[in-house]
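**Q** Below: one structure in structure tokens.
Residue numbers (the working numbering): 2 to 323.
Structural data, given as structure tokens:
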């Protein structure tokens, strides 16, 4: 049985669906502070908090947990800049609680939801796993510290881990069962779609003075289904007894904020005004993934590499569920 922390959230719920499709039994552990019960359509939902060690321990007592997929975290770059205390407490302390319970329960396999934010400002156009990790915001720093924590727990206690550093997760379940739900919404594509639906008054792009061709940030958008398949491949690898490792997950090409807006207009057939505001503190100009290692070691191949196809899945979900 697989424990999925934060499995009622965006990426965790999509991974949970694929795990169940592949025949795994899952327990979803979520406090529903950012997750949504309606996204947990597979497995067993246990409402609990990683801040409470007793609640974590009870899950390991009640279910034969074989491995853990750890998604539970605060994830907003902007919020982390103004609420660093909450991010360090929630992301670091809760992960430490989880690892301590795993150690006592003799569960020694974990897949960690990491992020490209651990790299900070890129030193080269494509970021591979060897790129220096110098995060520029508290969110990225917490994720890097957890990666370091995992390495220490592997050395000391033999807990094997895989850290998956993904770039901009996007899109929705191609089958339409689940999709992206954040309250408030913080991700670019669903925000633009809300503008197209007239659920937001205006579209504001944060910064048009970056050193990029059109002045707006460039990001590597990786579809949530492709992220889910990577987690399954990483899980199979750990269950087969392989050693700890880290992988970057992305399409290997970037799209600017303006390009995303233009693609949304094309997919939806709806025109709307776009305004430009100041940069968000902590935002690097370009983040593009080098995912060759994941392709070579995990055998992972992203299917959704076309921006308009990605947006179509998000648009289909948003039209039918909002």
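C-beta: ideal position from N, C-alpha, C; glycine also.
For residue 302, count the other beta carbons within 10 Å of its own beta carbon; 16 or more makes it buried, fewer makes it exposed. Which is it?
**A** Position 301 of the chain shown, counted from the start, is the residue given in the question as residue 302. With fewer than 16 other Cβ atoms within 10 Å, it is exposed.
**Q** I'd like the list of long-range same chain contacts for residue 50, defined as Cβ closer than 7 angstroms, with 5 residues on each side in sequence excluded.
**A** Here residue 50 refers to the residue found at position 49 when the chain shown is read from its first residue. Contacts found: 32 and 56.
**Q** Around the C-beta of residue 110, are 16 or more other C-beta atoms found within 10 angstroms, so that it is buried, or is it exposed?
**A** Position 109 of the chain shown, counting from 1, holds the residue named residue 110. When all chains shown are included, residue 110 counts as buried.
**Q** Would you say the region 77-85 touches the region 28-42, given that touching needs at least three Cβ pairs under 8 angstroms?
**A** Taking 8 angstroms as the limit for Cβ pairs, the verdict is that the region 28-42 does not touch the region 77-85.
**Q** Have a look at 5, 54 and 148 and flag the residue whose alpha-carbon is nearest the alpha-carbon of residue 245.
**A** The residue you call residue 245 lines up with position 244 of the chain shown. Measuring from the Cα of residue 245, the nearest candidate turns out to be 148.
**Q** Beta carbon of residue 256, beta carbon of residue 308: below 9 angstroms?
**A** One-based indexing of the chain shown puts residue 256 at position 255. One-based indexing of the chain shown puts residue 308 at position 307. Yes; because the gap between Cβ atoms is below 9 angstroms, this pair is in contact.
**Q** Might you give, ordered along the chain, the residues of its own chain that have their beta carbon closer than 8 angstroms to the beta carbon of residue 177, omitting 5 neighbours on each side?
**A** Numbered from its first residue, the chain shown carries residue 177 at position 176. Closer than 8 angstroms at Cβ, skipping near neighbours: 317, 318 and 321.
**Q** Tell me whether residue 242 is buried or exposed, calling it buried when 16 or more other Cβ atoms sit within 10 Å of its Cβ.
**A** Here residue 242 refers to the residue found at position 241 when the chain shown is read from its first residue. Exposed is the call here.
**Q** Can you say whether residue 135 is buried or exposed, counting buried as having 16 or more other CB atoms within 10 angstroms of its CB?
**A** To locate residue 135, count along the chain shown from 1; it is residue 134. Result: exposed.
**Q** Once you ignore the five residues that flank residue 266 on each side, which residues in its own chain have a CB closer than 8 angstroms to its CB?
**A** Within the chain shown, residue 266 is the residue found at index 265, counting from 1. Correct list, in chain order: 197, 272 and 273.
**Q** Contact defined as beta carbons within less than 8 angstroms: I believe residue 170 pairs with residue 140. What is the distance between those atoms, to the nearest angstrom?
**A** Start at 1 with the first residue of the chain shown, and residue 170 comes out as number 169. Start at 1 with the first residue of the chain shown, and residue 140 comes out as number 139. So it is not a contact: roughly 14 angstroms between Cβ atoms.
**Q** Using DSSP with H/G/I as helix, E/B as strand and the rest coil, what is residue 158?
**A** Counting from 1 along the chain shown, the entry for residue 158 is found at position 157. Looking at residue 158 - three-state DSSP - the assignment turns out to be helix.
**Q** Quick one: what does DSSP say residue 51 is sitting in, helix, strand or coil?
**A** Here residue 51 corresponds to residue number 50 of the chain shown, with the count starting at 1. Residue state, collapsed to three classes: coil.
**Q** Rounded to a whole number of angstroms, what is the C-alpha to C-alpha distance between residue 288 and residue 219?
**A** As a working note, residue 288 is residue 287 in the chain shown. As a working note, residue 219 is residue 218 in the chain shown. Taking the straight line joining both Cα atoms gives about 6 angstroms.
**Q** Using CA coordinates, which residue listed in 264, 212, 195 and 249 is at the minimum distance from residue 228?
**A** As a first step, residue 228 is located in the chain shown; it is residue number 227 there, counting from the start. Per the Cα distances, 249.
**Q** I'd like the ranges of any beta strand (DSSP E) spanning at least 3 consecutive residues and lying wholly in the region 213-275.
**A** Segments of the beta strand (DSSP E) lying fully in the region 213-275: 222-224 and 246-250.
**Q** Let's test the definition: count the other Cβ atoms within 10 Å of the Cβ of residue 270 and tell me whether it reaches 16, buried, or not, exposed.
**A** For the purposes of this step, residue 270 is identified with residue 269 of the chain shown, where counting begins at 1. By the neighbour-count rule (16 or more Cβ atoms within 10 Å), residue 270 is not buried but exposed.
**Q** Residue range of the alpha helix (DSSP H) that residue 315 falls in?
**A** Numbered from 1 along the chain shown, position 314 holds the residue referred to as residue 315. Here the alpha helix (DSSP H) through residue 315 covers 308-322.
**Q** If we ignore side chains and look at the alpha-carbon of each, how far apart do residue 30 and residue 156 end up?
**A** For the purposes of this step, residue 30 is identified with residue 29 of the chain shown, where counting begins at 1. For the purposes of this step, residue 156 is identified with residue 155 of the chain shown, where counting begins at 1. Cα to Cα, residue 30 sits roughly 27 angstroms from residue 156.
**Q** Compare the beta carbon distance of residue 315 and residue 190 with 9 angstroms and say whether it is the shorter of the two.
**A** The count along the chain shown starts at 1 and reaches residue 315 at position 314. The count along the chain shown starts at 1 and reaches residue 190 at position 189. The answer is yes: Cβ separation under 9 angstroms.
**Q** Measuring only the C-alpha atoms, how far is residue 295 from residue 130?
**A** Numbered from 1 along the chain shown, position 294 holds the residue referred to as residue 295. Numbered from 1 along the chain shown, position 129 holds the residue referred to as residue 130. So the alpha carbons of these two residues sit roughly 10 angstroms apart.
**Q** Whose C-alpha, out of 76, 124, 68 and 237, is nearest the C-alpha of residue 103?
**A** Sequence index remark: in the chain shown, residue 103 carries index 102 (1-based). Selected option, being the one with the closest Cα: 68.
**Q** Which residue wins for smallest C-alpha separation from residue 121, given the options 310, 291, 286 and 2?
**A** Translated into the one-based positions of the chain shown, residue 121 becomes position 120. Here the closest residue by C-alpha is 286.
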